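**Q**
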Ligand code: 5GP
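Residue numbers (our numbering): 7 to 188.
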């Protein structure tokens, strides 16, 4: 099964592409039903959430717009720096939208806690957070996403947009990172 250089960092596959597809289909349906007829802006936190955003927006069958922000708390490797930096901001005036932040993973909760605070100051009509992965056992700040597709243990994961030192984002599944490869 494991072939080629791309899989070198994979210890084991945690969530398959099929499992991800199924959950995204359900999440897209829920979002379409609860926001039907309202101006939706999906805000993706780059870079990790770009793959999730691409699949989630296509699972939503009501009109929506997309926007991107870059917020970083990990610089390289598997250790969090604890500093959140907004390196690229949205171009939209979010006061006209129901905003849904689309995130790859909630770990300590610091990134989203700060991003939510920042966006609330801009008075969106409403603001919710949907995350692909949640690691509740790692939480440092009191933050909970409104929707989370998978809850995982305290593992460092790669694939489906998530990296380790900028690699492995193009794996189609979520895998536990093989630290022996570091
Ligand atoms: P938080 O601020 O919640 O601690 O961190 C959120 C960010 O840390 C995520 O958006 C992601 O970029 C990074 N992160 C947290 N856990 C993991 C992980 O297991 N794998 C990868 N690749 N990134 C992670």
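Beta carbons: idealized from backbone N, C-alpha and C, even for Gly.
Source: prediction; values computed, not measured.
1) Does DSSP put residue 179 in a helix, a strand or coil?
2) With 16 as the cutoff for other CB atoms within 10 Å, does residue 110 come out buried or exposed?
3) Report yes if the CB atom of residue 105 is closer than 9 Å to the CB atom of residue 133, and no otherwise.
4) Have a look at residue 138 and residue 95 and give me their C-alpha separation to the nearest angstrom.
5) Helix, strand or coil, according to DSSP, for residue 97 in the structure here?
6) State the CB to CB distance for the pair residue 31 and residue 55, rounded to an integer number of angstroms; the pair is presumed to be in contact (CB under 8 Å).
7) Could you check the C-alpha separation between residue 40 and residue 78 for me, to the nearest Å?
8) Measuring from the CB of residue 117, is there a heavy atom of the ligand 5GP at a distance below 8 Å?
9) Taking the C-alpha atoms as reference points, what is the distance between residue 75 and residue 136?
10) By the 10 Å Cβ neighbour count, where 16 or more other Cβ atoms means buried, how is residue 45 classified, buried or exposed?
11) CB-CB under 8 Å to residue 53, same chain, minus the five flanking residues each way: which ones, in chain order?
12) Taking the continuous alpha helix (DSSP H) assigned at residue 33, which residues delimit it?
13) Measure from the alpha carbon of residue 58 to the alpha carbon of each residue in 160, 98, 119, 178, then state which is nearest.
14) Please state whether the Cβ-Cβ distance between residue 130 and residue 47 is less than 9 Å.
15) The beta strand (DSSP E) that contains residue 148, what's its start and end?
16) Measure the alpha-carbon distance for residue 97 versus residue 70 and round it to whole angstroms.
**A** Taking the geometry as given:
1) Counted from its first residue, the chain shown places residue 179 at position 173. If DSSP states are grouped into helix, strand and coil, residue 179 belongs with coil.
2) As a first step, residue 110 must be located in the chain shown, where it is residue number 104. Residue 110 comes out buried.
3) Taking the chain shown and counting its residues from 1, one reaches residue 105 at position 99. Taking the chain shown and counting its residues from 1, one reaches residue 133 at position 127. A contact, by the Cβ cut-off of 9 Å.
4) Within the chain shown, the letter at position 132 stands for residue 138. Within the chain shown, the letter at position 89 stands for residue 95. Using only the alpha carbons, I get a separation of about 21 Å.
5) Along the chain shown, one-based indexing puts residue 97 at 91. Coil, per DSSP.
6) By 1-based counting over the chain shown, the position of residue 31 is 25. By 1-based counting over the chain shown, the position of residue 55 is 49. Not confirmed; about 18 Å, so no contact.
7) Residue mapping note: residue 40 aligns to position 34 of the chain shown, counting from 1. Residue mapping note: residue 78 aligns to position 72 of the chain shown, counting from 1. Distance between the alpha carbons of residue 40 and residue 78 is about 30 Å.
8) Within the chain shown, the letter at position 111 stands for residue 117. Yes, since a heavy atom of the ligand 5GP falls inside the 8 Å radius drawn around the Cβ of residue 117.
9) Counted from its first residue, the chain shown places residue 75 at position 69. Counted from its first residue, the chain shown places residue 136 at position 130. C-alpha separation (whole angstroms): 15 Å.
10) Walking along the chain shown from the start, residue 45 turns up at place 39. Residue 45 comes out exposed.
11) In the chain shown, residue 53 corresponds to position 47, counting from 1. Setting aside the 5 residues that flank it on each side, residue 53 is surrounded in the same chain by 76, 167, 169, 175, each with a C-beta closer than 8 Å to its C-beta; the list follows chain order.
12) As a first step, residue 33 is located in the chain shown; it is residue number 27 there, counting from the start. Here the alpha helix (DSSP H) through residue 33 covers 23 to 41.
13) Locating residue 58 in the chain shown gives position 52, where the first residue counts as 1. Closest option to residue 58, Cα to Cα, is 178.
14) Within the chain shown, the letter at position 124 stands for residue 130. Within the chain shown, the letter at position 41 stands for residue 47. It is a contact, given that the beta carbons lie within the stated cut-off.
15) By 1-based counting over the chain shown, the position of residue 148 is 142. Here residue 148 belongs to no beta strand (DSSP E), and DSSP marks it neither H nor E.
16) In the chain shown, residue 97 corresponds to position 91, counting from 1. In the chain shown, residue 70 corresponds to position 64, counting from 1. Cα to Cα, residue 97 sits roughly 15 Å from residue 70.
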